[in-house]
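Novice:
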DNA sequence: AGATGATTAAAACAATTGTTTTTATCAGGC
DNA sequence: GCCTGATAAAAACAATTGTTTTAATCATCT
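Residue numbers (this note's numbering), protein chains in the order written: chain A, 1 to 217; chain B, 218 to 434.
1. How long is the line joining the alpha carbons of residue 254 of chain B and residue 155 of chain A, rounded to whole angstroms?
2. Please list, in chain order, all residues of the same chain as residue 325 of chain B whose beta carbon is under 6 Å from its beta carbon, the five residues on each side excluded.
3. Between the Cα of residue 353 of chain B and those of B/236, B/285 and B/249, spot the shortest distance and give me the residue it belongs to.
4. For residue 133 of chain A versus residue 25 of chain A, is the C-beta distance shorter than 8 Å?
5. Could you tell me which of A/30, A/84 and A/87 sits nearest to residue 128 of chain A, measuring between CA atoms?
6. Should residue 114 of chain A and residue 22 of chain A be called a contact, given that it needs their Cβ atoms to be closer than 8 Å?
7. Flag this pair as yes or no: are the beta carbons of residue 217 of chain A and residue 420 of chain B separated by less than 8 Å?
8. Just checking, does the segment 305 to 313 of chain B make contact with the segment 374 to 383 of chain B on the three C-beta pairs under 8 Å criterion?
9. Rounded to whole angstroms, what is the Cα-Cα separation between residue 388 of chain B and residue 106 of chain A?
10. Hey, how far is the Cα of residue 66 of chain A from the Cα of residue 41 of chain A?
11. Using the three-state DSSP reduction, which class does residue 87 of chain A fall into: helix, strand or coil?
12. Just the chain A side, please: which residues come within less than 7 Å of residue 395 of chain B by C-beta, in chain order?
13. Going by C-alpha to C-alpha distance, which of B/341, B/360 and B/232 sits closest to residue 178 of chain A?
14. Count the other CB atoms within 10 Å of the CB of residue 81 of chain A; is the residue buried (16 or more) or exposed (fewer)?
15. Counting along the chain, where does the alpha helix (DSSP H) carrying residue 366 of chain B start and finish?
16. Against chain B, does residue 183 of chain A count as a neighbour if the rule is that its beta carbon must be under 8 Å from one of theirs?
17. Determine, for residue 84 of chain A, whether the minimum Cβ-Cβ distance to residues of chain B falls below 8 Å.
18. Step through the CB atoms of chain B and report whether any lies within less than 8 Å of the CB of residue 117 of chain A.
19. Quick check: is the beta carbon of residue 135 of chain A nearer than 8 Å to any beta carbon in chain B?
20. Any Cβ of chain B within less than 8 Å of the Cβ of residue 29 of chain A?
21. Is residue 138 of chain A close to chain B, meaning its C-beta is less than 8 Å from at least one C-beta of that chain?
22. Assuming residue 201 of chain A and residue 102 of chain A form a contact by the criterion Cβ under 8 Å, report the distance between their Cβ atoms to the nearest whole angstrom.
23. For chain A, find out if any of its Cβ atoms is closer than 8 Å to the Cβ of residue 424 of chain B; answer yes or no.
24. Can you name, in chain order, every residue of its own chain whose Cβ lies under 8 Å from the Cβ of residue 150 of chain A, other than the five neighbours on each side?
25. Once the 5 residues before and after residue 265 of chain B are set aside, which same chain residues still bring their CB inside 7 Å of it?
26. State the start and end residues of the unbroken alpha helix (DSSP H) segment that holds residue 232 of chain B.
27. Just mark residue 386 of chain B as buried or exposed, buried being the case when its beta carbon has 16 or more other beta carbons within 10 Å.
28. Hey, residue 214 of chain A and residue 423 of chain B: beta-carbon distance below 8 Å or not?
29. Of all Cβ atoms in chain A, is any one closer than 8 Å to the Cβ of residue 380 of chain B?
30. Over what stretch of residues does the alpha helix (DSSP H) that includes residue 375 of chain B continue unbroken?
31. Quick check on the burial criterion: 16 or more other C-beta atoms within 10 angstroms. Buried or exposed for residue 126 of chain A?
32. Report the three-state DSSP secondary structure of residue 92 of chain A (helix, strand or coil).
33. Using the C-alpha atoms, what's the distance from residue 390 of chain B back to residue 426 of chain B?
34. Considering only residues of the same chain and omitting the five flanking positions on each side of residue 59 of chain A, which have a CB-CB separation below 7 Å?
35. So, helix, strand or coil for residue 46 of chain A, using DSSP?
36. Terminal residues of the continuous alpha helix (DSSP H) containing residue 123 of chain A?
Pasting the structure below:
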């Protein structure tokens, strides 16, 4: 036989581990977050992690890559939508800034807050494995952003554009981490929260746009 | 007797531990960086940490606070100098931005690179202890910056100013971490490096200034 | 020289780490 | 029924964690 349950109730043990691992890693970091922290949070036996994933490292890889994918897809999709919307002309800087900001704020304030926290941790480059994953996954999107910005700001060198793009990402991430950590328990977003996010997006877009199109030096 | 050596050769064991702890914590994080990592790097016995500091937690506190102080002093000094220089008028936004950017770049690219890395780690808030230290130490400086910006940008609400100030800090830190990690081994800065820092400062100031004085929404 | 007190070194401590092994449990196929 | 293979639980593994203990060293003062 291949599986105990065919498809209906895929034993959620594996999913519970993944979910628990995400929050544990976000709260304590990849190295400091222990296997037993995770199995206790998931109400699962200690050996389950080595049964479903080969090792803790493999669990880290899967949790991290799975968390990253929707973020990349959202940012990438927003960029394409913004280009499509402006076609055949080039999009405005503000639109590009919004394509960078909005997905991050909307995902990072909600379901993917833990992933954002982990992203911040990884940025400090403690684990080579995770740093490599980030570079691999985000590489293509970054390149497309910088390429587009280069067309919009032909007076700037590519290194200057890359620096400004980095600054923009740093500004958004910094704000995200400071954003209401209470969201973790909220099952549904209240109107108040949604309005806050909208305001945050507009403010960030304004800051980032201005920084991106600052005069060259 | 009070001390083995009066003052000339204060047993540098303690200093070696502090220095080694800083780089170990920067590379591996506060929790993942082990006592033995540090004692080996400092070529010191394992028990030395508990002899000179009471515990690992106390070592963390001392390393972190000692590393933070010069950064705060530099930023605080730069702000006061910029105010003094413009007096009796108010300083320009660009000058305030430079007071924020320059100390961070100059310290963070050199001797205090490890402290910057640790600052990034702490920002993700894994250890409550370190998060509290950061808030305590940086609180006053942040307030003075926001107060001054409020005067320079009277059309913006205080929360909006605070957000922009956060963005500015995030932008600078993000850039710092991406900055040449090779600096760790350089005993003396080359002219090339110093020129690079100067260019980085100017570019960051331009980005941050533009973001700070973006039109209100 | 002998005694004193600070420092260093070596060894051991219990606790916790990731992982493995070993033993149950539980579903479906013959 | 009984067997098979997947899952689950319990117990144990060696290795590593922060810390303590115990014994050596070393400089200084009397």
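For every residue, glycine included, the Cβ atom is placed at its ideal position computed from N, Cα and C. Note that the structure is predicted; figures quoted are calculated from it, not measured.
Specialist: Walking through what the data contain:
1. In this structure, the CA atom of residue 254 of chain B is about 49 Å from the CA atom of residue 155 of chain A.
2. Cβ neighbours of residue 325 of chain B beyond the five flanking positions: 333 and 393.
3. Among B/236, B/285 and B/249, the Cα nearest to that of residue 353 of chain B is on B/285.
4. No, they are not a contact pair.
5. Considering only alpha carbons, the answer is A/30.
6. Contact flag set, yes.
7. Yes, Cβ-Cβ distance for residue 217 of chain A and residue 420 of chain B is below 8 Å.
8. In the pairwise beta carbon analysis, the segment 305 to 313 of chain B is classified as not touching the segment 374 to 383 of chain B: fewer than three pairs are separated by under 8 Å.
9. If I take the Cα positions, the gap works out to 20 Å.
10. Near 19 Å, if we compare the C-alpha coordinates of residue 41 of chain A and residue 66 of chain A.
11. Of the three classes helix, strand and coil, the one that applies to residue 87 of chain A here is coil, per DSSP.
12. Chain A residues near residue 395 of chain B: 166.
13. Ranking B/341, B/360 and B/232 by Cα distance to residue 178 of chain A puts B/341 first.
14. Taking a 10 Å sphere around the C-beta of residue 81 of chain A, we find fewer than 16 other C-beta atoms and assign the residue as exposed.
15. Boundaries of the alpha helix (DSSP H) around residue 366 of chain B: 345 to 369.
16. Unreliable positioning characterises residue 183 of chain A in this predicted model, as indicated by a pLDDT of 47, which lies under 50. A coordinate reading is not provided.
17. Judged by the 8 Å Cβ criterion, residue 84 of chain A is not in contact with chain B.
18. Yes, contact with chain B.
19. Taking Cβ atoms only, chain B never reaches closer than 8 Å to residue 135 of chain A, which makes this a no.
20. Residue-level contact check: residue 29 of chain A touches chain B, since one or more beta carbons of chain B fall below 8 Å from its beta carbon.
21. No, because no Cβ of chain B sits closer than 8 Å to the Cβ of residue 138 of chain A.
22. Separation of the CB atoms of residue 201 of chain A and residue 102 of chain A is rounded to 5 Å, and the pair is thereby assigned contact status at 8 Å.
23. True, the Cβ-Cβ gap to chain A drops below 8 Å.
24. These residues qualify, in order along the chain: 156, 158 and 161.
25. So the qualifying residues of the chain are 230, 234 and 256.
26. 230 to 245 is the span of the alpha helix (DSSP H), which, as asked, contains residue 232 of chain B.
27. Counting Cβ neighbours within 10 Å, residue 386 of chain B comes out buried, since at least 16 surround it.
28. For residue 214 of chain A and residue 423 of chain B, yes; Cβs fall inside 8 Å.
29. By this cut-off, residue 380 of chain B is an interface position.
30. Counting along the chain, the alpha helix (DSSP H) containing residue 375 of chain B begins and ends at 375 to 395.
31. The Cβ neighbour count for residue 126 of chain A, taken over all protein chains shown within 10 Å, is at least 16; the residue is labelled buried.
32. Residue 92 of chain A falls in the coil class under three-state DSSP.
33. When rounded, the distance between both Cα atoms is 16 Å.
34. Same-chain partners within the cutoff: 21, 49 and 53.
35. Of the three classes helix, strand and coil, the one that applies to residue 46 of chain A here is coil, per DSSP.
36. Where residue 123 of chain A is concerned, the enclosing alpha helix (DSSP H) starts and stops at 113 to 123.
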